[in-house]
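Participant: Protein chains in written order, with the working numbering: chain A, 1194 to 1292; chain B, 50 to 183.
Even glycine gets a Cβ: it sits at the ideal position worked out from N, Cα and C.
Provided herewith is a single structure, encoded as structure tokens, for subsequent inquiry.
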Amino acid sequence: MTINKTQDQNTLTLQVEGRLDTVTAPELEAEIKGGLDGAERLVFDFGRLEYISSAGLRVLLTAQKAMNKQGGEMTVTGCSEDILDILEITGFSQILTVE
Amino acid sequence: MARLDIKAETDSLDKVTEFIDEQLEAADCSMKAQMQIELAVEEIFVNIAHYAYTPSIGMAGITVETQGDSVLITFEDSGVPYDPLAKEDPDVTLSAQDRSVGGLGIFMVKKSMDDVRYAYIDGKNILTLEKKLR
């Protein structure tokens, strides 16, 4: 997994490439724990994400809660059909803003 | 039939995924089914790695077998008896604030596989996933 981080004014974009699984999810979690201060908008760009397991979903939920707490917005963009299916089954498509 | 015996720890996950992928590719599995199977395998294997032998580390055996147009993947461990299917499904309609961070893994397995069976036989947890290859 590779994470590309870009900050544009108050928008933080995390482009995640590869596999977001039990082994790699802690890396993304660390990125979020340390880096959301002051972000009004958090964007997960999943255009190059191939795979997400429940470990990855947990990180998304943690991020959503953190953004809710600081009054910010969070969006998930570029998901493949397979990843959209997973978000649908788990009810995540209802609690996240998926574009 | 192919079998992999491996240390039940999360660091083994890449090797487990590689083993499963090799078998599924040989069986001409569709991409979609392959991803769903990988996902289910991760959830089950990580569960064993986290809970079966805590605080020590034991072994897990994984068998892949095709039967007609389906694949059967069986996990065996000699850890504490645990039926993951007995766990209540999480409420997937709750808001982000009310959702707990967990409990989703097994739910995803149940939703994406055609059948999931658990048995405790001769001191072993035996969990079998069944999924159509195409």
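Using a Cβ-Cβ cut-off of less than 7 Å, list which residues of the region 1222 to 1252 of chain A approach chain B; keep chain order.
Facilitator: Against chain B - using a Cβ distance shorter than 7 Å - the residues of the region 1222 to 1252 of chain A are Tyr1244, Ser1246, Ser1247, Leu1250, Arg1251.
Participant: The beta strand (DSSP E) with Met108 of chain B in it runs from where to where?
Facilitator: 108 to 116
Participant: Taking three-plus beta-carbon pairs below 8 Å as touching, is the region 1253 to 1260 of chain A in contact with the region 1224 to 1241 of chain A?
Facilitator: Under the 8 Å Cβ criterion, the region 1253 to 1260 of chain A counts as touching the region 1224 to 1241 of chain A, having at least three qualifying pairs.
Participant: Taking its Cβ as the centre, do 16 or more other Cβ atoms sit within 10 Å of Arg148 of chain B, making it buried, or is it exposed?
Facilitator: Around the beta carbon of Arg148 of chain B, 16 or more other beta carbons sit within 10 angstroms, so the residue counts as buried.
Participant: Verify whether the separation of the beta carbon atoms of Ala89 of chain B and Ala57 of chain B is less than 8 Å.
Facilitator: For Ala89 of chain B and Ala57 of chain B, no; Cβs fall outside 8 Å.
Participant: Mind the definition here: the region 55 to 75 of chain B touches the region 1260 to 1276 of chain A only if three or more C-beta pairs lie below 8 Å; say whether that holds.
Facilitator: no
Participant: For Gln85 of chain B, is the classification buried or exposed, using 16 other Cβ atoms within 10 angstroms of its Cβ as the cut-off for buried?
Facilitator: It counts as buried.
Participant: Can you pull the chain A residues whose beta carbon is under 7 Å from the beta carbon of Arg148 of chain B, in chain order?
Facilitator: Leu1254, Ile1288
Participant: Can the beta-carbon of Leu182 of chain B be found less than 8 Å from the beta-carbon of Ala76 of chain B?
Facilitator: yes
Participant: Answer yes or no: does any C-beta atom of chain A fall closer than 8 Å to that of Lys81 of chain B?
Facilitator: yes
Participant: In the DSSP assignment, what are the bridge partners of Ile122 of chain B?
Facilitator: B:Val113, B:Leu178
Participant: Listing by chain order, which chain B residues have their CB less than 8 Å from the CB of Gln1257 of chain A?
Facilitator: Ala145
Participant: So Asn1197 of chain A is in the beta strand (DSSP E); what residue range does that whole segment cover?
Facilitator: 1195 to 1201
Participant: Report the partner residues of Gln1208 of chain A according to the DSSP bridge assignment.
Facilitator: A:Asn1197, A:Asp1238
Participant: Please compile the residues from chain B whose C-beta is within a distance smaller than 7 Å of the C-beta of Gly1284 of chain A.
Facilitator: Val141, Thr142
Participant: Pick out the complete alpha helix (DSSP H) segments inside the region 76 to 110 of chain B, 4 residues or longer, and give them in chain order.
Facilitator: Assignment of alpha helix (DSSP H) within the region 76 to 110 of chain B, counting only whole runs of 4 or more residues, yields 80 to 100 in chain order.
Participant: Examine chain A for any beta-carbon lying closer than 8 Å to the beta-carbon of Gly154 of chain B, and answer yes or no.
Facilitator: Output row for Gly154 of chain B: interface = yes.
Participant: Using beta carbons (cut-off 8 Å, strictly below), is Val1216 of chain A in contact with chain B?
Facilitator: yes
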